[in-house]
Amino acid sequence: MDTQESDPSLAQRLIWGTTINIQESMASFRNFLNNFTIADRKRKLNEPITDDDRHPFYPQLMAHIRTTGATGINLDCRNLLAYSDTHKLYDQLIKYPQEIIPLMDFTITQFYTTLHDDVDMNGQQFKIRPFNLKETVNMRDLDPQNVDQLISIKGIMIRNSPIIPDMKEAFFRCLSCEHTMTVHVDRGRIIEPTRCPRDQCAAENSMSLIHNRCSFADKQVSRLQETPDAVPDGQTPQNVTLCMYDELVDVAKPGDRLEITGVFRGVPVRVNPRQRTIRSLFRTYLDVVHIKRTNQKRMQVDKTLQSEMDKVPYEESDEIETYDTHDEDRILALSHDPDVYEKLASSMAPSIFELDDVKKGILLQLFGGAHKVFTRSGSPRFRGEMNVLLVGDPGTSKSQLLQYVHKISPRGVYTSGKGSSAVGLTAYITRDPDSRQLVLESGALVLSDGGICCIDEFDKMSDATRSVLHEVMEQQTISVAKAGIITTLNARTSICACANPIGSRWNKNLSVPANVDLPPPLLSRFDLLYLILDRVDEDSDRRLANHLVSLYMEDQPTTAGMDIVPVDLLTKYISYAREKIQPVLTEEAGRHLVDLYVELRKQGQDRGGQAKRVTATTRQLESMIRMAEAHARMRLSRSVEVEDVQEASRLLRAAIKDYATDPKTGRIDMDLILMGTASHERQMQEDLLRELRAMIGNMESNTVQYSRLLNDFNAQTTVPVENRAFDEALRALETQGDINISGDGRRRTIRNLMRGDA
Numbered sequence: 001m002d003t004q005e006s007d008p009s010l011a012q013r014l015i016w017g018t019t020i021n022i023q024e025s026m027a028s029f030r031n032f033l034n035n036f037t038i039a040d041r042k043r044k045l046n047e048p049i050t051d052d053d054r055h056p057f058y059p060q061l062m063a064h065i066r067t068t069g070a071t072g073i074n075l076d077c078r079n080l081l082a083y084s085d086t087h088k089l090y091d092q093l094i095k096y097p098q099e100i101i102p103l104m105d106f107t108i109t110q111f112y113t114t115l116h117d118d119v120d121m122n123g124q125q126f127k128i129r130p131f132n133l134k135e136t137v138n139m140r141d142l143d144p145q146n147v148d149q150l151i152s153i154k155g156i157m158i159r160n161s162p163i164i165p166d167m168k169e170a171f172f173r174c175l176s177c178e179h180t181m182t183v184h185v186d187r188g189r190i191i192e193p194t195r196c197p198r199d200q201c202a203a204e205n206s207m208s209l210i211h212n213r214c215s216f217a218d219k220q221v222s223r224l225q226e227t228p229d230a231v232p233d234g235q236t237p238q239n240v241t242l243c244m245y246d247e248l249v250d251v252a253k254p255g256d257r258l259e260i261t262g263v264f265r266g267v268p269v270r271v272n273p274r275q276r277t278i279r280s281l282f283r284t285y286l287d288v289v290h291i292k293r294t295n296q297k298r299m300q301v302d303k304t305l306q307s308e309m310d311k312v313p314y315e316e317s318d319e320i321e322t323y324d325t326h327d328e329d330r331i332l333a334l335s336h337d338p339d340v341y342e343k344l345a346s347s348m349a350p351s352i353f354e355l356d357d358v359k360k361g362i363l364l365q366l367f368g369g370a371h372k373v374f375t376r377s378g379s380p381r382f383r384g385e386m387n388v389l390l391v392g393d394p395g396t397s398k399s400q401l402l403q404y405v406h407k408i409s410p411r412g413v414y415t416s417g418k419g420s421s422a423v424g425l426t427a428y429i430t431r432d433p434d435s436r437q438l439v440l441e442s443g444a445l446v447l448s449d450g451g452i453c454c455i456d457e458f459d460k461m462s463d464a465t466r467s468v469l470h471e472v473m474e475q476q477t478i479s480v481a482k483a484g485i486i487t488t489l490n491a492r493t494s495i496c497a498c499a500n501p502i503g504s505r506w507n508k509n510l511s512v513p514a515n516v517d518l519p520p521p522l523l524s525r526f527d528l529l530y531l532i533l534d535r536v537d538e539d540s541d542r543r544l545a546n547h548l549v550s551l552y553m554e555d556q557p558t559t560a561g562m563d564i565v566p567v568d569l570l571t572k573y574i575s576y577a578r579e580k581i582q583p584v585l586t587e588e589a590g591r592h593l594v595d596l597y598v599e600l601r602k603q604g605q606d607r608g609g610q611a612k613r614v615t616a617t618t619r620q621l622e623s624m625i626r627m628a629e630a631h632a633r634m635r636l637s638r639s640v641e642v643e644d645v646q647e648a649s650r651l652l653r654a655a656i657k658d659y660a661t662d663p664k665t666g667r668i669d670m671d672l673i674l675m676g677t678a679s680h681e682r683q684m685q686e687d688l689l690r691e692l693r694a695m696i697g698n699m700e701s702n703t704v705q706y707s708r709l710l711n712d713f714n715a716q717t718t719v720p721v722e723n724r725a726f727d728e729a730l731r732a733l734e735t736q737g738d739i740n741i742s743g744d745g746r747r748r749t750i751r752n753l754m755r756g757d758a
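This is how it looks when you write it as structure tokens:
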């Protein structure tokens, strides 16, 4: 203390309220910029060092920035920790970010102008954006000691506000003498002058704010929610408000998994907006300085779906890139393997026994088809996402497959049918806690835009909830008209769902719609529908039991001898294919598709009969195209060949053979899925209706009892008619106005109205 009083220059070098020596901190950071090399960091990680790693890193970065013209520089804080002279600077950055970051901005701007003295900055200054801190704070562990400190948290973005103008420089004018002055923002506040600074005037309370002369910057308020895997059992997820500025605006969108670095701030809350009295309770938010998407263990979003998501600020290190040279070599080597299809399919949930075709179908769903928009013909956008439904007996690993898909899918949301509502899947209206205005919150399907939405217990959904899926699964949009908000949201998501049959056991004598409580129009929108049944077979039961027991044995698991691709490589392989490969259909493959589709349609023509069954629709043709494109992507091929079409046709035929086969005739009939009834049943209903109308029309009296009519009708037929079919025929005649039914049960009376019309 005595030293500071005797040497006033030393006191000026310390920032008030802190232990930061301005000259020392700037010199330490300048030394770091001049001398840090990648070798310093690799030496800490015990990684091999090349000759290029020994060159100073940041002078090369400044040369790159000169060509790109970027003003935001992302600073990897692990580099500060790897350099021995900047450990103290790192600690000061964490404790006093609002003092240290401006010093870093000034220092790196000086460093740039020293290296490139011929460049005119025009008063601009570089902005340092630190990230990759040593410790990441759990959202639940934020407390008052973190206020005004630099922290890093992870979560899912659930809401974005519109862009808000944020005042950076206020322009005031004196009402008496019209003298003007500007006031810069200081830590979020602008100090309004109480008197005119001109000595000749010096009028009090005469300075008026002129809005159109002020300087504004972009601001956006968002909400970050805990990731589901970080939420403790029995707890609800926590939320944190984010404030983003300038180039960080619109970098992320709802559904993105992010790692946010920023300054944790606390601001007082006013008792009344018109009064300056404040409460003792403070409201907290995060002043964001850096955004990083954390999808390393998840596959990336399709490149054709990325628009505003591409606006990511420049990363300072090549280590942040998704694929390095080593990864790309591994991916290309795997793609040249002739058995790559079988290897990738066996690597999908290897702990699940067999189900090879199911795994291949889900694998193609992860790759997805190519998206097409034909603007010249005015056609709508053709979806590339596939929808897969797993139906079958309990205990057949359906939910485990869904969990595996959710773990590696991008922007995936996992939900259960019984616990989901219509607004929870699409979008709902709520009041913003800050502005008190009605805002639109995104639901599970919107948050899954560009990814896969996994829905368990699909059959337990209510009818109102299922009705919203029709638009999503075909048009890939969600139309909202609520509380004066009329909009259309993108829901370019694949749906992977599983359902159990009625009574928890599959009835082989009934069709799929009769076994599963799902409407036919919804079933027809699934590209692949797999039946996973628990069949009793001694040989398969023994192999399944050995497989399950081996999973609990450390010595000899059955999957040890299999050539399984690691999860991280599988994820990167799928991401690489989705991002780099956009396959195009060749003419030969197109002709083969047409031939296969016509062949499928021919199967509905009965020999010697006039009745025609529908064995394939245009939806099956589009499904084959999507699967063929996904298979070509899996091979990293830019063109769809005949072999891709053949595999897509095989998968589709195998699925159709299971779910679209009429249990009574043993033939494929798509009417079971499209209409809920088989074509022969519909023909029988029409014959029954025609014969019943003729019988009632030939009766002597105008009225007849229900029981007598049923007995007389059965006496004329070789096979007795079921009461349910007979009642449906009577209701159809009543709807058409041919008869009138009065009474209840078997005492009902049928009155003939056709004779009166005659």
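Just so you know, the sequence shown maps onto residues 1 to 758 in full-length UniProt numbering. Even glycine gets a Cβ: it sits at the ideal position worked out from N, Cα and C. In this text the structure is predicted, and so the values were computed from the model without any measurement.
Do you know how far the Cα of ASN212 is from the Cα of GLU192? 17 Å
Is LYS602 buried or exposed, if buried means 16 or more other CB atoms sit within 10 Å of its CB? exposed
Near GLU321, what residues of its chain come up, given a Cβ to Cβ distance below 7 Å and the 5 sequence neighbours on each side ignored? Because the pLDDT of GLU321 is 42, which lies under 50, any placement of that residue in the model is unreliable, and the number read from its coordinates should be weighed accordingly. Excluding residues within five positions, none has a Cβ falling inside 7 Å.
Are the CB atoms of TYR90 and LEU103 within a distance shorter than 7 Å? no
Could I get the ranges of all uninterrupted alpha helix (DSSP H) runs contained in the stretch 487-525, with 4 residues as the minimum, in chain order? 512-515, 520-523
Quick check: the stretch 620-629 against the stretch 513-533, are there 3 or more CB pairs under 8 Å? yes
HIS290, buried or exposed, once every other Cβ within 10 Å from all chains shown has been counted against 16: buried
Answer yes or no: does any C-beta atom of chain C fall closer than 7 Å to that of GLU135? Of the chains in the structure shown, none is chain C; there is only one protein chain.
Boundaries (first-last residue) of the beta strand (DSSP E) holding THR182: 180-184
Output needed for THR182: all residues of its chain with C-beta closer than 6 Å, excluding positions within five of it in sequence on either side, in chain order. GLU169, PHE171
In whole angstroms, what is the alpha-carbon distance linking ARG638 and LEU533? 37 Å
Relative to the ligand ZN, is the shortest distance from any of its heavy atoms to the C-beta of ALA630 smaller than 6 Å? Ligands are entirely absent from the displayed structure, and the ligand ZN is therefore not among its contents.
Do the CB positions of LEU518 and ASP459 come within less than 7 Å of each other? yes
Could you tell me whether the stretch 357-366 touches the stretch 340-348, where touching means 3 or more Cβ pairs closer than 8 Å? yes
Could you check the C-alpha separation between ILE20 and PHE131 for me, to the nearest Å? 21 Å
What is the C-beta distance between LEU355 and SER397, in whole angstroms, given that I count them as a contact (C-beta under 8 Å)? 7 Å
Near ASN740, what residues of its chain come up, given a Cβ to Cβ distance below 8 Å and the 5 sequence neighbours on each side ignored? GLU734, ILE750, ARG751, LEU753
With respect to the beta strand (DSSP E) encompassing PRO350, which residues constitute its N-terminal and C-terminal limits? Careful: PRO350 lies outside any beta strand (DSSP E) and carries neither H nor E.
VAL567 - containing alpha helix (DSSP H), residue span: 567-580
DSSP-derived helix/strand/coil call for MET699: coil
Would you check if the stretch 411-421 and the stretch 442-450 touch, i.e. whether three or more CB-CB distances between them fall below 8 Å? yes
If you follow the beta strand (DSSP E) that PHE171 is part of, which residue opens it and which one closes it? 164-174
At the level of alpha carbons, what is the spacing between LEU710 and VAL704? 10 Å
Among the residues of its own chain, which have a CB less than 7 Å from the CB of THR477, if the five just before and after it don't count? GLU471, THR488, LEU489, ASN490, ALA491
Could you compute how far the alpha carbon of ASP318 sits from the alpha carbon of PRO232? Because the pLDDT at ASP318 is just 31, under 50, the model does not fix this residue reliably, and the point stays unresolved.
Closest residue to PHE216 among GLU691, THR236, LYS42, GLY188 (Cα-Cα distance): GLY188
Which value, in whole angstroms, describes the spacing of the CA atoms of ILE108 and THR241? 30 Å
Does the Cβ of ARG747 have 16 or more other Cβ atoms within 10 Å, making it buried, or fewer, making it exposed? exposed
State buried or exposed for PHE282, treating a residue as buried only when at least 16 other CB atoms are found within 10 Å of its CB. exposed
Ordered list of beta strand (DSSP E) runs contained in the stretch 104-161, each at least 3 residues: 127-131, 150-160
Span of the alpha helix (DSSP H) around SER397: First-last for SER397: undefined, no H or E at that position.
What residue range is occupied by the uninterrupted beta strand (DSSP E) comprising ILE452? 452-456
Are the beta-carbon atoms of ARG198 and HIS179 separated by less than 7 Å? yes
Compute the beta-carbon to beta-carbon distance between VAL640 and VAL584, rounded to the nearest angstrom, for a pair I have assumed lies under 8 Å. 7 Å
Could you check which residue in GLU647, ILE502, ASP738 has the C-alpha nearest to that of ARG690? ASP738
May I ask you to report which of helix, strand or coil DSSP gives ASP541? helix
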